[in-house]
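Visitor:
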Amino acid sequence: LNGKRIDIGYIDRTLSFFKKGDLSPRSKGFIRSPFIKGLRPDEFFFGAMTGRATLMDTALRTPRSGYLYRRLANALQDLRREYDGTVRDSNNNIIQFVYGDDGKDVSRLHLNKDVEAGEAIGVITSQSFGEPSTQMVLRTFHFAGVTEMQVTQGLPRLIEVFDARKKPSSPKMEIYLKKEFNNEKDSTIVAEKIREVTVNDIASEIDLDFSNKKIDIKIDREGLRQSHMTLKKVVERLNELGFKAKEKSDSITINTEEESFKGVYQVKEKAKKAIISGIKGIKQVIIVKVGSDFVVMTLGTSLKKILEMKEINPEKLVSNDLHEVAGVFGIEAARQLIINEIQDVLNSQGLNIDKRHLKLISDAMTNTGEVKGVTRIGIIAQKSSILARATFETPVKQFVNATVKGNKDYLTSVVENVILNQPVPVGTGLPGLLVKVIGPLVKKDSEKKTAKTKVVEEVNK
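Numbers in the numbering used here are just positions in the sequence shown, counted from 1, shifted up by 23.
1) Using the rule of at least 16 other Cβ atoms within 10 Å of the residue's Cβ for burial, across every protein chain shown, is K43 buried or exposed?
2) If you run the structure through DSSP and keep just helix, strand and coil, what is I29?
3) Hey, which unbroken runs of the alpha helix (DSSP H) at 4 residues or more fall wholly within the region 40-101?
4) Tell me the DSSP secondary structure of F317 in three-state form.
5) For the beta strand (DSSP E) that contains T276, what are its first and last residues?
6) Going by DSSP in three states, R188 sits in which element: helix, strand or coil?
7) From this set, S113, L91, I29, G452, which residue's C-alpha is nearest M72's C-alpha?
8) Please confirm whether A413 and F422 have their CB atoms less than 7 Å apart.
9) Secondary structure at D125, three-state DSSP: helix, strand or coil?
10) Measure the beta-carbon distance from M320 to E197 and round it to whole angstroms, keeping in mind my assumption that it falls under 8 Å.
11) If I measure Cβ to Cβ from D432 and keep anything under 7 Å in the same chain, skipping five residues before and after, which residues do I get?
12) The beta strand (DSSP E) with D227 in it runs from where to where?
13) Assess contact between the region 106-120 and the region 400-407, defined as three or more Cβ pairs (one per stretch) separated by less than 8 Å. Is contact present?
14) Can you tell me where the beta strand (DSSP E) holding M388 begins and where it ends?
15) State the DSSP-derived secondary structure class of D209, mapped to helix, strand or coil.
16) Would a C-beta distance cut-off of 7 Å place E219 and K285 closer than the cut-off?
17) Quick check: what's the CA-CA separation for L178 versus S156?
18) For a quick check, are the C-beta atoms of K141 and V121 less than 7 Å apart?
19) Given 8 Å as the limit, is there contact between the region 268-286 and the region 184-203, that is, 3 or more CB pairs closer than that?
20) Q100 to H133, Cα distance in whole Å?
21) Quick one: is L83 buried, meaning 16 or more other Cβ sit within 10 Å of its Cβ, or exposed?
22) By a C-beta neighbour count over all protein chains shown, 10 Å radius and 16 as the cutoff for buried, is Q176 buried or exposed?
23) Could you check which residue in A98, G123, L91 has the C-alpha nearest to that of R104?
24) According to DSSP, D344 sits in a beta bridge with which residue or residues?
25) So, A187 versus L381, is the Cβ gap smaller than 7 Å?
26) With a 10 Å radius around its C-beta and 16 neighbouring C-beta atoms as the bar for buried, classify G401 as buried or exposed.
27) Please work out which residues of its chain come closer than 7 Å, Cβ to Cβ, to A226, disregarding the five sequence neighbours upstream and downstream, and give them in chain order.
28) In the DSSP assignment, the beta strand (DSSP E) including D239 goes from what residue to what residue?
29) Would you call the CB atoms of E347 and T324 closer than 7 Å?
30) Out of N205, N235, T435, point me to the one whose CA is closest to F317's CA.
31) Using 10 angstroms around the beta-carbon of F233, count the other beta-carbons present and answer buried if the total reaches 16, otherwise exposed.
32) Compare the Cα-Cα distances from F58 to each of G70, D35, L38, S130 and report the closest residue.
33) Does the Cβ of G265 have 16 or more other Cβ atoms within 10 Å, making it buried, or fewer, making it exposed?
34) Could you please give the first and the last residue of the uninterrupted beta strand (DSSP E) stretch that includes Q119?
35) Beta-carbon within less than 6 Å of G32's beta-carbon, same chain only, minus the 5 sequence neighbours each way: which residues are those?
36) Over the uninterrupted alpha helix (DSSP H) stretch that includes A357, give me the two end residues.
Listed below in structure tokens is the structure:
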């Protein structure tokens, strides 16, 4: 259930069928009986639990994946291949110089065919994501190690990437070490050095002395040893942070000048959260062996701080925070990260979507030089068409803003032409048509030009 065995509930047991402290496979959810013979009461109960979870999962997942498809379709609907081989949007911005880096048609790779000019590749890409995303299982993977680390995967992670969220729900880094530090001992030292350690992590007890306006912090020696700190260093660090700390035999005393109980309590809470070593935000650290490399995996990211360390191999450093990667390594690195993150989610679910689709989405999200989400304040907000923006979300707001600013809609995209029952500028509607008018109706050069202009305008409407 939720990627784990059944949790212990009723006073040290999973169900009232079992004795206290029973950790046998049967008590933790193992169903031995086949359906043809029938289930025991406890097995039936566990089976019902998983059935209910699956039912809820399916019911909740369908609208989320449906909304994801709608967002992708609205954001990418105007992307098409032009005659010069580039992929452009309705504003004539170049999204890709060559579709998918090779210009090949995904459905006709066996014939080695290129994508036709006018092909609505944006809509095809959104459809290619819409169906598989419905099949995704909402689940959380666990990395077994010194401490358990949860990593968001499946549809929630896919939505996170497309939203281009400033703060991912489970930010992580994969830190590779230089050759001379690539061993178990050094990787452990690096891991302990970067893990965020607060006063609360090394304290066994924190007492308030309101009468003397003091805070007594009793130190846990084992926690102090694991953080590679000494009592003297902790006191120095607290004084640097503005606390008036003094060292005692096995404790630290902080003096305050606060008069009220509330003030003393607030100082205590602030002291508990004070970071005495490590890098802020890196909550968990585990070491995983990947081939011959010892890789430090972290929950929390801070690329700038990590790159300052001499032990780190900067060429292999990986983070899953899009905006941080764009800020530190540049927009091309962020584009590649979007492709890698989507590919990882698809691989974990056993799904296969052509890389050309992934590249088109990542290019659409990053072609302005910054990471934009597939949202109404991201890619869709950049569209020049008032009708295209209004048909997605907040129509009243879009119409009011356009009216106040006196904006015009030149009907260069797909949605607005569908609304007005006109040919859409993709496929056979891409080329404009020029007609040369000759005959008795045209007498003079000036009239000839006027007639030609009128016909062209009528045809292109």
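Ideal Cβ placement from N, Cα and C applies to all residues, glycine included.
Guide: Reading it off the structure:
1) When all chains shown are included, K43 counts as exposed.
2) Three-state DSSP puts I29 in coil, outside helix and strand.
3) Within the region 40-101, the alpha helix (DSSP H) runs of at least 4 residues that lie entirely inside it are, in chain order, 64-99.
4) Reduced to three states, the DSSP call for F317 is strand.
5) T276 -> beta strand (DSSP E) spans 274-278.
6) Coil.
7) Across the set S113, L91, I29, G452, the C-alpha of I29 shows the shortest separation from the C-alpha of M72.
8) With contacts defined as CB atoms closer than 7 Å, A413 and F422 qualify as a contacting pair.
9) DSSP, reduced to helix, strand and coil, places D125 outside both helices and strands of the structure shown, so it counts as coil.
10) Rounded, the Cβ-Cβ distance is 6 Å, consistent with contact.
11) Cβ within range, chain order: S408, I409, L410, E439.
12) A small correction: the amino acid at residue 227 is Ser; Asp does not occupy that position in the sequence shown. Segment 226-232, the beta strand (DSSP E) holding S227.
13) These segments touch.
14) Taken as a continuous stretch (DSSP letters only), M388 belongs to no beta strand (DSSP E), being part of the alpha helix (DSSP H) at 378-389.
15) Three-state result, D209: helix.
16) No; because the gap between Cβ atoms is not below 7 Å, this pair is not in contact.
17) Rounded to whole angstroms, L178 to S156 spans 7 Å at the Cα level.
18) Looking at the sequence itself, residue 141 is Gly, so the reference to Lys does not match. Going by C-beta atoms, G141 is not nearer than 7 Å to V121.
19) Cβ pair count under 8 Å is below three, so no.
20) Roughly 26 Å between the two C-alpha positions.
21) Label assigned to L83: exposed.
22) Only buried fits Q176, as 16 or more other CB atoms lie within 10 angstroms of its CB.
23) Taking only the C-alpha atoms, the option nearest R104 is G123.
24) BP columns for D344 are empty, so no partner.
25) The answer is no: Cβ separation not under 7 Å.
26) With a threshold of 16 other beta carbon atoms within 10 Å, G401 meets it and is buried.
27) Same-chain partners within the cutoff: I240, K241, I242, D243.
28) Run containing D239: 237-242, per the beta strand (DSSP E) assignment.
29) It is a contact, given that the beta carbons lie within the stated cut-off.
30) Ranking the options by Cα distance to F317, first place goes to N205.
31) Its Cβ having fewer than 16 others within 10 Å, F233 is exposed.
32) Looking at the Cα atoms, G70 is the closest of the given residues.
33) So G265 ends up on the exposed side.
34) In the DSSP assignment, Q119 falls within the unbroken beta strand (DSSP E) covering 117-119.
35) In its own chain, leaving out the 5 sequence neighbours on each side, no residue places its CB closer than 6 Å to the CB of G32.
36) Annotation for A357: the continuous alpha helix (DSSP H) segment containing it runs 354-371.
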